[in-house]
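Participant:
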Amino acid sequence: MDAPDYSLDALRKTSVGTINELLGVEVTEAERGRIVGTMPVSDKNVQPYGILHGGASVVLAETLGSIGSALVAAETGKRAVGLEVNANHVRPAPKGTLVTGEAVLAHEGRRIHVWQITLRNEAGKPTCLCRLTVSLID
180 MDAPDYSLDA LRKTSVGTIN ELLGVEVTEA ERGRIVGTMP VSDKNVQPYG
230 ILHGGASVVL AETLGSIGSA LVAAETGKRA VGLEVNANHV RPAPKGTLVT
280 GEAVLAHEGR RIHVWQITLR NEAGKPTCLC RLTVSLID
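Under this note's numbering, the first residue of the sequence shown carries the number 180, and numbering increases by one thereafter.
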């Protein structure tokens, strides 16, 4: 079995033609059990008050955790599919700023992964606290 490719170039290629490309999600760091990425807050992902839409925050969070699980699952020939996501929006992110998400693998089971994902504004303050549960399937 081939080792998963954690290179940023390989991960960027997986976003072509997806919602990640549309929203400007970019993976900036990738290692086993930890994925970091950014998303600009723009006209494409704000709600009527000019702040980041909660659903867009969830897109970033789920993307980072899902990429992390997919890479770990590939080690054993499995696939990763989202099972549940929880998000607490704790601070607004205004249009024209950049949010950075860090996903950390909190639980690695044979069939279930749980990720803790924190999105932060440019000042490093949390904007969204997420938990993602991923199922590993054959």
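Note that the Cβ used here is the ideal one computed from N, Cα and C, for glycine as well.
Using the three-state DSSP reduction, which class does E205 fall into: helix, strand or coil?
Facilitator: Along the sequence shown, one-based indexing puts residue 205 at 26. Strand at E205.
Participant: Hey, quick one: how far does the beta strand (DSSP E) through L277 stretch, first residue to last?
Facilitator: In the sequence shown, the residue the question calls residue 277 occupies position 98. Segment L277 to E287, the beta strand (DSSP E) holding L277.
Participant: Which of the three DSSP states is assigned to S236 in this structure?
Facilitator: Here residue 236 is taken as the residue at index 57 of the sequence shown, counted from 1. DSSP places S236 in helix when its eight states are reduced to three.
Participant: Would G261 pass as a contact of E241 if the rule is Cβ separation under 8 Å?
Facilitator: If you number the sequence shown from 1, residue 261 lands on position 82. If you number the sequence shown from 1, residue 241 lands on position 62. Closer than 8 Å, so yes.
Participant: Residues in the same chain with beta-carbon distance under 7 Å from Q295, minus the five sequence neighbours each way, listed in chain order, please.
Facilitator: On the sequence shown, position 116 is the one that residue 295 refers to. Hits under 7 Å: V283, A285 and R310.
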